[in-house]
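Okay, structure first, notes after.
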Amino acid sequence: EKGGYEHFMMKEIYEQPKSIADCLRGRLDAKSGRLVLGGLRDYMNKFQNAERIIITACGTSWHAGLVAEYLFEEFARVPVEVEYASEFRYRNPVIGEKDFVIAISQSGETADTLAAIELAKSKGATIFGVCNVVGSSIPRATHAGSYTHAGPEIGVASTKAFTAQISVLAMMALKLGYQRGTLPESRYIQLLHELEAIPGKVERALKSNEAIKYIAEEYKDVRNALYLGRGYNFPVALEGALKLKEISYIHAEGYPAAEMKHGPIALIDEEMPVFFIATKDSSYEKVVSNIQEVKARKGKVIAVVTEGDTQVKAIADHVIEIPETHEAFAPLVAVVPLQLLSYHIAVMRGCNVDQPRNLAKSVTVE
Ligand code: M6R
Numbered sequence: 042e043k044g045g046y047e048h049f050m051m052k053e054i055y056e057q058p059k060s061i062a063d064c065l066r067g068r069l070d071a072k073s074g075r076l077v078l079g080g081l082r083d084y085m086n087k088f089q090n091a092e093r094i095i096i097t098a099c100g101t102s103w104h105a106g107l108v109a110e111y112l113f114e115e116f117a118r119v120p121v122e123v124e125y126a127s128e129f130r131y132r133n134p135v136i137g138e139k140d141f142v143i144a145i146s147q148s149g150e151t152a153d154t155l156a157a158i159e160l161a162k163s164k165g166a167t168i169f170g171v172c173n174v175v176g177s178s179i180p181r182a183t184h185a186g187s188y189t190h191a192g193p194e195i196g197v198a199s200t201k202a203f204t205a206q207i208s209v210l211a212m213m214a215l216k217l218g219y220q221r222g223t224l225p226e227s228r229y230i231q232l233l234h235e236l237e238a239i240p241g242k243v244e245r246a247l248k249s250n251e252a253i254k255y256i257a258e259e260y261k262d263v264r265n266a267l268y269l270g271r272g273y274n275f276p277v278a279l280e281g282a283l284k285l286k287e288i289s290y291i292h293a294e295g296y297p298a299a300e301m302k303h304g305p306i307a308l309i310d311e312e313m314p315v316f317f318i319a320t321k322d323s324s325y326e327k328v329v330s331n332i333q334e335v336k337a338r339k340g341k342v343i344a345v346v347t348e349g350d351t352q353v354k355a356i357a358d359h360v361i362e363i364p365e366t367h368e369a370f371a372p373l374v375a376v377v378p379l380q381l382l383s384y385h386i387a388v389m390r391g392c393n394v395d396q397p398r399n400l401a402k403s404v405t406v407e
């Protein structure tokens with residue numbers, strides 16, 4: 042059942058080229074410019090005319106929501122708010138009929154997310170679900186939705202569900218941008234091609250596994266770690282830190298790289314590993330200076346970089362290369378080495394990777 046892998050988590054990490062392709066299949070065809078999300082059809086009007094998009098979720102699904110915030114704002118120019126379901130449901134939020142709420146959940150059973158949906162629904166908002174488990178409670182509570190089609194995810198640490206969620210949300214953002222006229226046709230088509238190429242790029246990113254094992258060996262005994270990224274890769278930093286925390290029990294924090302100077306920089310010394318997502322994008326040069334700031338304080342830098350990078354390679358202690366892609370889709374590829382890294386560190390520490398202590402696959406209590 043683990044398909045020859047030692048743990049479900051590893052199997053699920055390796056399934057990603059296929060699970061992302063499954064998620065795109067039948068929905069996206071770049072050559073013909075076709076992009077259809079069945080669940081959206083009856084609600085396209087509401088979606089297109091929404092004055093605001095509110096995304097609500099927990100944990101890793103919330104991180105996918107943060108990526109979506111950047112996607113929707115860039116491509117469709119709609120204001121987006123991303124809310125922890127547990128906070129949203131308890132604070133009498135300002136919400137109404139003009140709001141389009143997207144609830145993201147792998148299991149479809151998360152109690153806080155479900156309660157946030159019921160609250161938003163009672164205020165007249167339209168609720169759209171992005172879920173993985175077919176027929177679960179959240180898809181039944183929403184007005185409409187799109188499944189992620191990632192297949193069963195058994196490991197408690199979410200991996201392939203995350204990349205499938207981002208894939209659905211990316212399609213939604215492209216569709217919305219195109220329909221609203223904020224995304225010109227030529228760019229839209231180009232982005233469809235980019236998205237279609239992602240499964241192949243994830244496949245290539247997985248080839249770094251051996252190199253990542255070597256890095257894991259070197260850092261498996263640290264007590265703390267920092268994860269830094271900017272823009273689309275800021276949520277990837279949060280996700281990388283969450284993966285390390287939950288399966289290896291090492292304290293890790295994710296930050297937008299520029300926030301480092303407002304506090305976390307005080308933590309940096311020769312003992313502190315700092316994982317950067319430093320792919321070639323619009324904030325690359327700024328991330329490079331953040332890396333220099335860490336090196337100046339003798340921190341250890343491990344960076345996820347774009348293939349062929351030379352600048353970061355020259356200053357980092359270790360680099361992990363991933364294929365180049367449009368920055369909006371970089372999280373789909375950049376998260377993969379961080380998933381692998383936490384996996385190997387957790388295995389080397391003798392942790393129960395698939396069922397970490399104190400955690401359940403779906404959190405059905407509030
Ligand atoms: O099933 P959901 O996507 O609603 O679950 C949300 C979180 O409980 C979940 O993502 C959790 O943070 C994972 N263990 C992260 O790997």
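Per my numbering, the very first residue in the sequence shown carries number 42; after that it's consecutive. All C-beta atoms, glycine included, are put in the ideal place defined by N, C-alpha and C.
Can you check whether the CB of Asp350 is closer than 8 Å to the CB of Lys20? No answer is possible for residue 20: the residues shown for the chain start at 42 and end at 407.
Endpoints, beta strand (DSSP E) assigned at Lys341: Here the question's residue 341 lines up with position 300 in the sequence shown. Boundaries of the beta strand (DSSP E) around Lys341: 341-347.
Is Ala387 near the ligand M6R, with its Cβ less than 7 Å from a heavy atom? The residue labelled residue 387 in the question sits at position 346 within the sequence shown. Remark: the C-beta of Ala387 is outside contact range of the ligand M6R, defined as less than 7 Å to any heavy atom.
* Asked: What residue from Glu312, Leu224, Arg130, Ala266 has the CA that sits closest to Phe113's CA?
  -> Start at 1 with the first residue of the sequence shown, and residue 113 comes out as number 72. Comparing C-alpha distances from Phe113 to each of Glu312, Leu224, Arg130, Ala266 shows the shortest one belongs to Leu224.
Checklist entry - For Cys99, is the beta carbon positioned less than 7 Å from some heavy atom of the ligand M6R? => result For the purposes of this step, residue 99 is taken as the residue at position 58 of the sequence shown. It does: the Cβ of Cys99 is within 7 Å (strictly closer) of some heavy atom of the ligand M6R.
Notebook entry, point to check: Is the closest heavy atom of the ligand M6R to the C-beta of Gln147 under 7 Å?
Noted result: In the sequence shown, counting from the first residue as 1, residue 147 sits at position 106. Distances from the CB of Gln147 to the heavy atoms of the ligand M6R include at least one below 7 Å.
Note to self: If I follow the unbroken alpha helix (DSSP H) through Val171, where does it start and stop?
What the structure shows: To locate residue 171, count along the sequence shown from 1; it is residue 130. It is not in any alpha helix (DSSP H) - Val171 instead sits in the beta strand (DSSP E) that spans 167-172.
Which residues DSSP lists as bridging Tyr188, in chain order: For the purposes of this step, residue 188 is taken as the residue at position 147 of the sequence shown. Assignment of beta-bridge partners to Tyr188 by DSSP yields Cys172.
Determine the contact status of Leu217 and Phe316, defining contact as a CB-CB distance below 8 Å. For the purposes of this step, residue 217 is taken as residue 176 along the sequence shown, with counting starting at 1. For the purposes of this step, residue 316 is taken as residue 275 along the sequence shown, with counting starting at 1. Going by C-beta atoms, Leu217 is not nearer than 8 Å to Phe316.
Enclosing beta strand (DSSP E) for Leu269 [first to last residue]: As a working note, residue 269 is residue 228 in the sequence shown. Here the beta strand (DSSP E) through Leu269 covers 265-270.
Taking the beta strand (DSSP E) that Thr97 falls in, what are its first and last residues? Mapped onto the sequence shown, residue 97 falls at position 56. If you look at Thr97, you'll find it in the beta strand (DSSP E) that goes 93-98.
Q) Which same chain residues, not among the five before or five after His367, have their C-beta less than 6 Å away from its C-beta? A) Locating residue 367 in the sequence shown gives position 326, where the first residue counts as 1. So the list reads Glu235, once near-sequence residues are dropped.
- One or two residues paired with Val315 in a DSSP bridge: Within the sequence shown, residue 315 is the residue found at index 274, counting from 1. Val315 is bridged to Leu267, Val342.
Start and end of the beta strand (DSSP E) containing Ile363?
Taking the sequence shown and counting its residues from 1, the one referred to as residue 363 is at position 322. Annotation for Ile363: the continuous beta strand (DSSP E) segment containing it runs 359-363.
Q. Roughly how many angstroms lie between the CA atoms of Ile288 and Cys392, to the nearest whole one?
A. Translated into positions along the sequence shown, residue 288 becomes position 247. Translated into positions along the sequence shown, residue 392 becomes position 351. Looking at the two C-alpha atoms, the distance is approximately 7 Å.
* **Endpoints, the alpha helix (DSSP H) within which Gly45 is located** => Residue mapping note: residue 45 aligns to position 4 of the sequence shown, counting from 1. Taken as a continuous stretch (DSSP letters only), Gly45 belongs to no alpha helix (DSSP H), as it is neither H nor E.
Query raised in the report: Does DSSP put Pro297 in a helix, a strand or coil?
Result: Locating residue 297 in the sequence shown gives position 256, counting from the first residue. In this structure, DSSP gives Pro297 an extended state, which the three-state scheme calls strand.
Between the segment 258-273 and the segment 296-304, do three or more beta carbon pairs fall short of 8 Å?
Three or more Cβ pairs drawn from the segment 258-273 and the segment 296-304 lie within less than 8 Å of each other, which places the two stretches in contact.
### Task
Quick one: measure Cβ to Cβ for His385 and Ala257, integer angstroms, because I've assumed they're closer than 8 Å.
One-based indexing of the sequence shown puts residue 385 at position 344. One-based indexing of the sequence shown puts residue 257 at position 216. Correct: roughly 4 Å between the Cβ atoms.
(request) Per DSSP, which residues does Tyr125 bridge with? Please list them. (result) Position 84 of the sequence shown, counting from 1, holds the residue named residue 125. Paired residue(s): Ala98.
- Query: Which residues mark the beginning and the end of the beta strand (DSSP E) in which Ile145 is found?
  - Reply: By 1-based counting over the sequence shown, the position of residue 145 is 104. In this chain, the beta strand (DSSP E) harbouring Ile145 covers 140-146.
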